[in-house]
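Chemist: Protein chains in written order, with this note's numbering: chain A, 1 to 598; chain B, 1001 to 1598. Here it is, the structure in full.
Number of protein chains: 2
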Amino acid sequence: MSEYAAPVREMMFVMRELAGLDEISRLPGCEDATADTVEAILDEAARFAGEVLSPLNKSGDKEGVCWHDSNVTMPAGFAEAYRQFAANGWNGIGCDTDYGGQGMPKLLVAAVQEMWKASNMAFSLCPLLTTGAIEALTLCGSDALKATFLPRMVSGEWTGTMNLTEPQAGTDLASVRTRAEPQADGSYRVFGQKIFITYGEHDMAGNIVHLVLARTPNAPEGVKGLSLFIVPKFLVNADGSLGARNDARCVSVEHKLGIHASPTCVMAYGDAGGAVGYLCGQENLGLSYMFIMMNAARYAVGLEGVAISERAYQQALAYAKERIQGPETGSRSGDKVAIIRHPDVRRMLMVMKSQTEAMRAVAYVTAAANDAAHRHPGEATRKRNQAFVELMIPIVKGWSTETAQEVTYLGVQIHGGMGYIEETGAAQYLRDARITTIYEGTTGIQGNDLIGRKIARDGGATIKAVIGLMQQAERQLGEQKGADFAAIRSSLAGGIQALSQAVDAVVANFAQDIKAASVAAVPMLKLFGTVAGGWQLARAALAAQRHLDAGDGDARFLAAKIGTARFYADHVLAQAGGLAHTVCHGAPGAMALDEQQF
Amino acid sequence: MSEYAAPVREMMFVMRELAGLDEISRLPGCEDATADTVEAILDEAARFAGEVLSPLNKSGDKEGVCWHDSNVTMPAGFAEAYRQFAANGWNGIGCDTDYGGQGMPKLLVAAVQEMWKASNMAFSLCPLLTTGAIEALTLCGSDALKATFLPRMVSGEWTGTMNLTEPQAGTDLASVRTRAEPQADGSYRVFGQKIFITYGEHDMAGNIVHLVLARTPNAPEGVKGLSLFIVPKFLVNADGSLGARNDARCVSVEHKLGIHASPTCVMAYGDAGGAVGYLCGQENLGLSYMFIMMNAARYAVGLEGVAISERAYQQALAYAKERIQGPETGSRSGDKVAIIRHPDVRRMLMVMKSQTEAMRAVAYVTAAANDAAHRHPGEATRKRNQAFVELMIPIVKGWSTETAQEVTYLGVQIHGGMGYIEETGAAQYLRDARITTIYEGTTGIQGNDLIGRKIARDGGATIKAVIGLMQQAERQLGEQKGADFAAIRSSLAGGIQALSQAVDAVVANFAQDIKAASVAAVPMLKLFGTVAGGWQLARAALAAQRHLDAGDGDARFLAAKIGTARFYADHVLAQAGGLAHTVCHGAPGAMALDEQQF
């Protein structure tokens, strides 16, 4: 197994050439995020990821977490790594400076988070959930709650969780039954069971701040009767010191396919009289707060797709360069060669590499738009960027995580029989990646979000504006010479045409037959992701050619950008036509059978 | 977790309507395999699979095998299940009647084996390997060796293994180093280490007959210096009783991603003076014997893809019918429904169902051709069928196992968060399936076999003949009325056109640039499999319509055949054009980067 080496050069290329880092650093509050500073921070993060987190990835998977009597012991080394992580200030890098964060732009935060996820996905879920809880508190907590909890969550001294799911309420949060009873002192007593609670219990931090969706008495049925509560593991005294143990306990942990070092907890609230909770924001608006945070959480899971793909690629590449097997194809010499020389292995590596780069580019461009949406002085620019971000979130989440399945699959495949042996490590990435298309909304949920709220609701206006940008890039490709650019242009043009047809079909179908439209949800998501990835790789090739023409930069790195874009065009983007066919014509077959005919 | 219920009706439909069971039962030696008898045998096998093997699948996965001091203890229940399996005569169902087998046609044997693989893939590998060893012995063993070993291997009293791989010799068997030294008595002493030996050691049978590839002194280098040896765990005395323990020991077992109940052994031969071995066939022809058997082994692994897909589908279907979550799409009622009513879940189930049926049809049609290739009185018919079988083996192996990855992936996805919990059982199918694209030749090996030996070598003649059969089916679709048949025809016509283009490109490229051709190997395999599956489902739809027109059969089952073919046409077969693009144009991008640019 190889340790993770963060691809800092690649990240900087994407940030500068595709995501507009220079423009981001001109936004109010982002003045510190110059290219030099960003690169220095990435180098520092890369060191931490490679030297501290990566070496714990496999041992954490093997050892797993240990539950005993409502406590959870983390694998060896995790608590100390977390202590260093917090001490180095990584936890608050993207958080509000008012509470001790560094307020760095999302673009930089995305790259740094990619490193945590790639080096040790199970570890990274702890700060991820804390960040989510921080955002919820920042969004809707009272000043008193913020003052009590935020500084120590931003510093990483305390961690956070999100408690939504119950056995009968997974995707369907309307079915949540956990209840909260108001007390005379303004607090609540919370009763209920929550499942799939990531880092619901662990031994890495002094306190755990649970954010819990629950119903107050007489709340409306369904999602409009859900409120958000803060339920700390230890109550906090007025002076900020830790008080009594709250009635919130981890009653078991799940035995999962992957992310073994991340405790997935069943949480029992109120088994001994009621867990003390504090209402966060207004009653009955809990789900709307969750939805605002959900974009960030979904984005973060999408980044997991990018990150675990990068990790799988790095390991497969190292093996392909080192494993000697068989003679070169077509050679008369019987000399054995490294398997990277075999065309099919090279094809698999290129599928991994090109899709990983495409996903990263789409994710970082979305992060930059998020910065502009929040910080740009012009309202029209903010709105346009916000619309783009909302359109892209289901793509970053759904498409990147689905693609990560193929990439981690190929990572095993390149190892041959060794890939199936757990000791090798390649299978862990496949197992870890498998959760990403499920949590924070399955791919089906992302697809329906895409076709409904993000495409049909505005009649396709936002996505058509994006298609317009794609067409600009396609025209620029036409100004370049050579077979590579001609091939990239041809595939991108085909992809754009397929996407346009599919958008028209979705907009038309959604009003007429929502079930038929919903059949197309995931194919549409894959189509849009595939074309968006091709668009970004085409932009990368154009940027590379600009630098080659100017004679600056590493010519081999830049040439690889063009070759990678071409590979993607002919091996991945080529699938756009088939996906558009499915979007436009796939409903009758999908709805033909009644339930008894299955 | 649901127990496996073999799809006997579906199997009978494929056998009768697509694979020509009635014609097979007219072949010499197949007279007993009438439809009634075949169905009775399938019912009996279904009972054994559902009642004996299926209940051990999950417990076997959880318990795994236990190695201690060169012995392997199987999970609870396996030894008794194997005893029953052998006692019921299942082991020899396809074996030569001369040695106690039942000599049943491959077509029936395929369906029966599908049941073992679906109900308990880890268990099924033991008889699979025994069958391989029986075939090797039958092919090249001396009469004395056959008399000593075959009857007890056919009965299942003894099991068999295949020992090819060594640490430095995986795909590249030319690197095998195990050596065999001739002795004065005509036997050999074998020395070397073999890895990845399935059921190399276990406690289910009285003896284990290892077939081992090794080099004799002064043998030529490379694959032309490999000979095949029989190395029994216990030597056999002249009277047939077991003699001394041979110097062949299991020194460890692998910790694998899946098939935990199948011991994957590291075998040490000759650590204590030399393992007694017997040359099987002629010296230096070992690999050619292996190649003859390889078709059967690869076919069997392809069936694993079909089987595990069926199992994953059954469990996902049961869950989708029982899990209540969310209201119906587009309904104003807030009533919760089973998730099978959600369009995206239905889409996923149809992807699973249609591809599983397509894979089964392709596999059974190939099995029937194998029967005709061996038993038909007409030489031309035998030859034509043999060419078809050889063409289809890489498809059955490579395409079915690759498709099984998607199907088992979706099986987890339909379960949502529960799918990620090992207790649910869905993840086991994904883990078990993952080996199938690796062992008995990776998908890359299958793809290169397809484009080289099976397509380019005869200038595309065999595959073009198959395309001619596809075109016949397409014309028959044109004679049918209605939107379903029009859609199926349109997609099949597109698929045939894409396949034809790709075949021409492969034939042309193979002579000119073998590396470029090799980039196209796996895309070509996927393209051919996808179109072949569509062809068989189209034939199924035509057969169903014939029965509907005649007013016989179960109208709902038959209508589902047409709906399933339509789904496949618009969701799966629609990908053919993109794959053909990659076959025809994918080489430059794949070979653009040098090794240092990765």
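Idealized CB from N, CA, C, for every residue including glycine. Nothing here was measured: the structure is a model prediction, and the numbers come from that model.
Run through chain A and tell me which residues come within less than 9 angstroms of B:Ala966, C-beta to C-beta.
Modeler: Because chain B spans 1001 through 1598 in this model, residue 966 of chain B falls outside it and cannot be assessed.
Chemist: Work out the CA separation of B:Thr1408 and B:Gln1355 for me, nearest whole Å.
Modeler: By 1-based counting over the second sequence, the position of residue 1355 of chain B is 355. By 1-based counting over the second sequence, the position of residue 1408 of chain B is 408. Taking the straight line joining both Cα atoms gives about 11 angstroms.
Chemist: Unbroken beta strand (DSSP E) runs of length 3 or more, entirely within the region 40-90 of chain A: which are they?
Modeler: 66-68 and 71-73
Chemist: Among residues of its own chain, excluding the 5 on either side of B:Glu1221, which ones have a beta-carbon nearer than 8 angstroms to its beta-carbon?
Modeler: Numbered from 1 along the second sequence, position 221 holds the residue referred to as residue 1221 of chain B. Listed in chain order, the non-local C-beta contacts of B:Glu1221 below 8 angstroms within the same chain comprise Ala1174, local neighbours out to five positions each way being set aside.
Chemist: Is there a C-beta anywhere in chain A that falls below 8 angstroms from the one on B:His1547?
Modeler: By 1-based counting over the second sequence, the position of residue 1547 of chain B is 547. Closer than 8 angstroms: no.
Chemist: What is the residue span of the beta strand (DSSP E) that A:Thr159 lies within?
Modeler: For this step, residue 159 of chain A is matched to residue 159 along the first sequence. That run of the beta strand (DSSP E) goes Trp158 to Asn163.
Chemist: Can you tell me the Cβ-Cβ gap for B:His1210 and B:Pro1232, rounded? I've got them flagged as a contact below 8 angstroms.
Modeler: Here residue 1210 of chain B refers to the residue found at position 210 of the second sequence. Here residue 1232 of chain B refers to the residue found at position 232 of the second sequence. About 7 angstroms; that satisfies the 8 angstroms criterion.
Chemist: Among all the DSSP beta bridges, which residues are the ones paired with A:Gln545?
Modeler: As a working mapping, residue 545 of chain A is identified with position 545 in the first sequence. DSSP output for A:Gln545 lists no bridge partner at all.
Chemist: Identify each residue in the region 501-524 of chain A for which the Cβ-Cβ distance to at least one residue of chain B is less than 7 angstroms, and report them in chain order.
Modeler: Ile514, Lys515, Ser518, Val519, Ala521 and Val522
Chemist: Tell me whether A:Asp271, by its Cβ, gets closer than 7 angstroms to a heavy atom of the ligand PLP.
Modeler: Ligands displayed in this structure: none; no statement on the ligand PLP is therefore possible.
Chemist: Would B:Gly1525 and B:Gly1425 qualify as a contact pair, given that the criterion is a beta-carbon distance under 8 angstroms?
Modeler: In the second sequence, counting from the first residue as 1, residue 1525 of chain B sits at position 525. In the second sequence, counting from the first residue as 1, residue 1425 of chain B sits at position 425. One detail in the question is off: residue 1525 of chain B reads as Leu in this sequence, not Gly. No, these two residues do not count as a Cβ contact at 8 angstroms.
Chemist: On the three-state DSSP scale, how would you describe A:Phe598?
Modeler: What you label residue 598 of chain A is simply residue 598 of the first sequence in a count that begins at 1. Coil, per DSSP.
Chemist: Terminal residues of the continuous alpha helix (DSSP H) containing B:Val1572?
Modeler: Position 572 of the second sequence, counted from the first residue, corresponds to residue 1572 of chain B. No alpha helix (DSSP H) contains B:Val1572, which DSSP labels as neither H nor E.
Chemist: State the start and end residues of the unbroken alpha helix (DSSP H) segment that holds B:Val1365.
Modeler: Position 365 of the second sequence, counted from the start, is the residue given in the question as residue 1365 of chain B. Element bounds for B:Val1365: Pro1343 to Arg1375.
Chemist: Have a look at the DSSP bridge pairing and note the partners of B:Pro1227.
Modeler: In the second sequence, the residue the question calls residue 1227 of chain B occupies position 227. What sits at residue 1227 of chain B in the sequence shown is Ser, not Pro. The partner list for B:Ser1227 (beta bridge, DSSP) reads B:Ala1214.
Chemist: Would you decide whether B:Ala1033 is buried or exposed? Buried here means 16 or more other CB atoms lie within 10 Å of its CB.
Modeler: Counting from one through the second sequence, the residue named residue 1033 of chain B turns up at place 33. Classification for B:Ala1033: buried.
Chemist: Find the nearest neighbour of A:Phe234 within the set A:Gly334, A:Ser262, A:Gly586 and A:Ala205, judged by alpha-carbon distance.
Modeler: Within the first sequence, residue 234 of chain A is the residue found at index 234, counting from 1. Closest by alpha carbon: A:Ala205.
Chemist: Based on the DSSP output, what are the partners of A:Gly273 in its beta bridges?
Modeler: The sequence position of residue 273 of chain A within the first sequence is 273, counting from 1. In the DSSP output, where bridge partners are listed per residue, A:Gly273 has none listed.
Chemist: DSSP state of B:Leu1242, grouped into three classes?
Modeler: Here the question's residue 1242 of chain B lines up with position 242 in the second sequence. Reduced to three states, the DSSP call for B:Leu1242 is strand.
Chemist: Between the beta-carbon of A:Tyr269 and the beta-carbon of A:Thr178, is there less than 8 angstroms?
Modeler: For this step, residue 269 of chain A is matched to residue 269 along the first sequence. For this step, residue 178 of chain A is matched to residue 178 along the first sequence. Yes, Cβ-Cβ distance for A:Tyr269 and A:Thr178 is below 8 angstroms.
Chemist: What does B:Asn1448 touch in chain D if you count any residue whose Cβ is under 8 angstroms from its own?
Modeler: Among the chains of the structure shown, chain D does not appear; the protein chains present are A and B.
Chemist: Would A:Lys224 be called buried (16 or more neighbouring beta carbons within 10 Å of its own) or exposed?
Modeler: In the first sequence, residue 224 of chain A corresponds to position 224, counting from 1. That one is exposed.
Chemist: Tell me A:Cys250's beta-bridge partners as DSSP assigns them.
Modeler: For the purposes of this step, residue 250 of chain A is taken as the residue at position 250 of the first sequence. According to DSSP, which records beta bridges pairwise, A:Cys250 is partnered with A:Met267.
Chemist: State the Cα-Cα distance for the pair A:Leu558 and A:Leu537, rounded to the nearest angstrom.
Modeler: On the first sequence, position 558 is the one that residue 558 of chain A refers to. On the first sequence, position 537 is the one that residue 537 of chain A refers to. When the Cα atoms are used, A:Leu558 and A:Leu537 turn out to be separated by approximately 12 angstroms.
Chemist: Taking its Cβ as the centre, do 16 or more other Cβ atoms sit within 10 Å of A:Cys66, making it buried, or is it exposed?
Modeler: In the first sequence, the residue the question calls residue 66 of chain A occupies position 66. The residue in question, A:Cys66, is exposed, as its Cβ has fewer than 16 Cβ neighbours within 10 Å.
Chemist: List the residues of chain B whose Cβ lies closer than 7 angstroms to the Cβ of A:Val412, in chain order.
Modeler: Your numbering for residue 412 of chain A matches position 412 in the first sequence. By Cβ distance, chain B contributes Arg1434.
Chemist: Find the nearest neighbour of B:Ala1063 within the set B:Thr1165, B:Gly1077, B:Asn1071 and B:Ala1580, judged by alpha-carbon distance.
Modeler: Start at 1 with the first residue of the second sequence, and residue 1063 of chain B comes out as number 63. The residue asked about is misnamed: residue 1063 of chain B is Glu in this sequence, not Ala. Per the Cα distances, B:Gly1077.
Chemist: How would you label B:Glu1479, buried or exposed, when you count the other beta carbons within 10 angstroms and need 16 or more for buried?
Modeler: Position 479 of the second sequence, counted from the first residue, corresponds to residue 1479 of chain B. Here B:Glu1479 is exposed. Its C-beta has fewer than 16 other C-beta atoms within 10 Å.
Chemist: In chain B, what lies closer than 9 angstroms to A:Met153 by C-beta?
Modeler: The residue given as residue 153 of chain A occupies position 153 in the first sequence. By Cβ distance, chain B contributes nothing, its closest Cβ being about 25 angstroms from A:Met153, past 9 angstroms.
Chemist: Counting Cβ pairs, one atom from each stretch, are 3 or more of them under 8 angstroms apart for the region 1255-1269 of chain B and the region 1069-1076 of chain B?
Modeler: yes
Chemist: In angstroms with no decimal places, state the Cα-to-Cα distance between B:Tyr1429 and B:Gly1103.
Modeler: The count along the second sequence starts at 1 and reaches residue 1429 of chain B at position 429. The count along the second sequence starts at 1 and reaches residue 1103 of chain B at position 103. B:Tyr1429 and B:Gly1103 have their C-alpha atoms roughly 31 angstroms apart.
Chemist: Just list the alpha helix (DSSP H) runs in the region 1086-1151 of chain B, keeping only unbroken ones of 4 residues or longer that don't cross its boundaries, in chain order.
Modeler: The qualifying runs are 1106-1119 and 1121-1140.
Chemist: Counting only beta-carbon separations shorter than 8 angstroms, does A:Leu287 have a partner in chain B?
Modeler: Within the first sequence, residue 287 of chain A is the residue found at index 287, counting from 1. Judged by the 8 angstroms Cβ criterion, A:Leu287 is not in contact with chain B.
Chemist: Are A:Ile455 and A:Arg566 close, meaning C-beta to C-beta below 8 angstroms?
Modeler: Numbered from 1 along the first sequence, position 455 holds the residue referred to as residue 455 of chain A. Numbered from 1 along the first sequence, position 566 holds the residue referred to as residue 566 of chain A. No, Cβ-Cβ distance for A:Ile455 and A:Arg566 is not below 8 angstroms.
Chemist: Note down the Cα distance separating B:Thr1329 from A:Lys515, rounded to an integer number of angstroms.
Modeler: To locate residue 1329 of chain B, count along the second sequence from 1; it is residue 329. To locate residue 515 of chain A, count along the first sequence from 1; it is residue 515. Going by the C-alpha atoms only, they are around 6 angstroms apart.
Chemist: Any C-beta of chain B sitting closer than 8 angstroms to the C-beta of A:Phe13?
Modeler: The residue given as residue 13 of chain A occupies position 13 in the first sequence. Not closer than 8 angstroms to any Cβ of chain B, the Cβ of A:Phe13 fails to qualify, so no.
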